[in-house]
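Undergrad:
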Ligand SMILES: [Zn+2]
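Numbering (this note's numbering), first residue to last: 1 to 580.
1. Would you grab the beta carbon distance between residue 375 and residue 508 for me? Rounded to a whole angstrom, and I think it's under 8 Å.
2. Could you tell me which whole alpha helix (DSSP H) segments of length 4 or greater appear in the region 89-129?
3. Is residue 107 closer than 8 Å to residue 560 when the C-beta atoms are compared?
4. Are the Cβ atoms of residue 249 and residue 378 separated by less than 8 Å?
5. Between the beta-carbon of residue 420 and the beta-carbon of residue 461, is there less than 8 Å?
6. Check whether the Cβ of residue 508 lies closer than 7 Å to any heavy atom of ligand 1, and answer yes or no.
7. Quick check: residue 142 and residue 180, are their CB atoms within less than 8 Å of each other?
8. Mind the definition here: the region 128-147 touches the region 519-533 only if three or more C-beta pairs lie below 8 Å; say whether that holds.
9. Pull up the distance between the alpha-carbon of residue 147 and that of residue 265, whole angstroms please.
10. Is residue 223 near ligand 1, in the sense that its beta carbon is under 7 Å from a heavy atom of that ligand?
11. Considering only their Cβ atoms, is the gap separating residue 303 from residue 176 smaller than 8 Å?
12. From what residue to what residue does the beta strand (DSSP E) around residue 214 run?
13. Taking the alpha carbon of residue 310 as the reference point, which residue from 228, 521, 529 and 166 has its own alpha carbon closest?
14. Quick check on residue 562: does DSSP put it in helix, strand or coil?
15. Is residue 97 near ligand 1, judged by its Cβ being under 7 Å from some heavy atom?
16. Starting from the C-beta of residue 93, find all residues in its chain whose C-beta is less than 6 Å away, skip the five residues before and the five after it, and write them out in chain order.
17. So the beta strand (DSSP E) residue 366 belongs to, where does it begin and stop?
18. If you drop the 5 nearest sequence neighbours on each side, which residues of the same chain put their C-beta closer than 6 Å to that of residue 262?
19. Are there any heavy atoms of ligand 1 lying less than 7 Å away from the beta-carbon of residue 326, as far as the coordinates show?
20. Could you name each continuous alpha helix (DSSP H) segment of 4 residues or more that falls completely within the region 185-252, going from the start of the chain to the end?
21. Please tell me whether residue 62 and residue 322 are closer than 8 Å, where the distance is taken between their beta carbons.
22. Between the C-alpha atoms of residue 380 and residue 386, what's the straight-line distance to the nearest angstrom?
23. What would DSSP say about residue 477, mapped onto helix, strand or coil?
24. Is the closest heavy atom of ligand 1 to the C-beta of residue 58 under 7 Å?
25. Quick check: what's the CA-CA separation for residue 137 versus residue 446?
26. What are the uninterrupted segments assigned as alpha helix (DSSP H) that are 4 or more residues long and contained completely in the region 508-568, given in chain order?
27. Taking residue 455 as the reference, which of 418, 75 and 278 has the closest Cα?
28. Cβ of residue 587 versus every heavy atom of ligand 1: is any distance shorter than 7 Å?
29. So for residue 407, helix, strand or coil by DSSP?
30. Short check: CB of residue 96 to CB of residue 117, under 8 Å?
31. Mind checking residue 155: buried by the 16 CB within 10 Å criterion, or exposed?
32. Taking the straight line between their C-alpha atoms, what separation do you get for residue 187 and residue 544?
33. Would you mind giving the Cβ-Cβ distance between residue 527 and residue 362, rounded to the nearest angstrom? I have them listed as a contact below 8 Å.
34. What three-state label does DSSP hand residue 444 in the structure shown?
35. Cutting at 7 Å between CB atoms, please list the residues of its own chain near residue 81, excluding the five before and the five after it.
36. Cα-Cα, which of 197, 202, 216 and 255 is closest to residue 209?
What follows is the structure, encoded as structure tokens:
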């Protein structure tokens, strides 16, 4: 299974034998009675001091293979020292940001956690709601930043690993998360993070559902994002080392940028003020990843994360790779260079953790919330059928169909991503009207780019699911929250809420039950982790149960399992050969 560096195994074996001996009564451990532990061994804590969960938004698993030849720092270290799961994939259809982060942080699939999408149609209020929108919460900005709305984790129906960690280990655990996106910072941090911080309107913001940290006021004041105004994103390595064309086919660059490097962070360029265009360029540049890294390091220092009595938790959701990927697609120099820069940022973060928390005292778990489809226009070059499934066309076909059955218009209340919601009472009427129901389902299946459509009641019974596609839809289905119908686009087809007669304002997307959206890396490194490559099929829902096991806590409701193959077995390493 794993490939081992002998020296590391020996060292860890010695360290763990220290720990085992210290915790186990001598009479039950013959090894310990006959072979006293050398006092020269470096003590290892009985538990990790800090858990660092890193979610790289939209990182496809194959980027590890395609791009690692350019990595020399943090990502390379993860590959060299970590446990790498090569066949990790989400087993559900709703491959979106909020859902992925919730799955990683809780170990629960959307059918369990209730987080079925980034946003869905709320049948009670007859409005779209985001996964974090909370009418009882109020957002606020650090260092005078303006914040809109209110966000919390109240729609997350299960506790996160970090919620459980603090609850079970007592007040000593601090939970701190950062991301550009509210849904990432909040889902990573759980219901009561000490600080869940994201970026809005060019500043750092949070919500009164969480704590506020004065140190982040200081950081926001001394490190305003607008300091990056005027910088230019250029290729980090010689152009000949990049795999793809100078201009990515079908790409749609953020406003103010050309389709090829260099990408200046000057907004619309009309004056020297950081405008909205600047902030969206910044979020789509590696400077934003670096900024989050610096914020995290500042929190590590100021709070002494990993130096308290308990196990602290740091979550970082790197959002920039998602913005870059949406704009330029997976086959672009921009995406490739984003990972060169992220490799450097993570290298610096790990060096910082080594210095402040100690080598081997922390655990890093890195994964992604979802992958991404190729840009359709790019994929067409390979001869594969692809395109865009336009939901307004689906909606029109349904209205036209139901008009012939004398249904009141409008029959469709909303199509949110691929979830279709009928107006109140319409779906119940359809269920009692087989001819109209069949006509509706046929109409949807006849729209270009639609592969299939499932009725909610077909998906509610999870054990009854058979096909992989249906099982994936079922694992995403949460009664009362998901659509009445769930539409499945064909492979390599995007789905969009935009009209068919207007050009898209982005390159590509994700959110389907296909492998390019589901397949993500999972890498663990540090305390208690057995390095190596693991090829068994696993899911990101396995991350939280694995961390829970390493921290000695119990998760309540979850769908994942402990990745025991990647854990150092405390009983195994006590080999006589390791004693001088
Ligand atoms: Zn995305």
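Ideal Cβ placement from N, Cα and C applies to all residues, glycine included.
TA: Taking the structure as given:
1. 4 Å
2. 97-106 and 110-113
3. yes
4. yes
5. no
6. no
7. no
8. no
9. 23 Å
10. no
11. yes
12. Note, residue 214: premise wrong, no beta strand (DSSP E); alpha helix (DSSP H) at 214-222.
13. 166
14. coil
15. yes
16. 472, 473, 476 and 513
17. 362-367
18. 232 and 234
19. yes
20. 214-222
21. no
22. 6 Å
23. coil
24. yes
25. 43 Å
26. 515-518 and 543-551
27. 418
28. An answer regarding residue 587 cannot be provided, because it is not within the stretch 1 to 580 covered by the chain.
29. coil
30. yes
31. buried
32. 13 Å
33. 6 Å
34. helix
35. 525 and 531
36. 197
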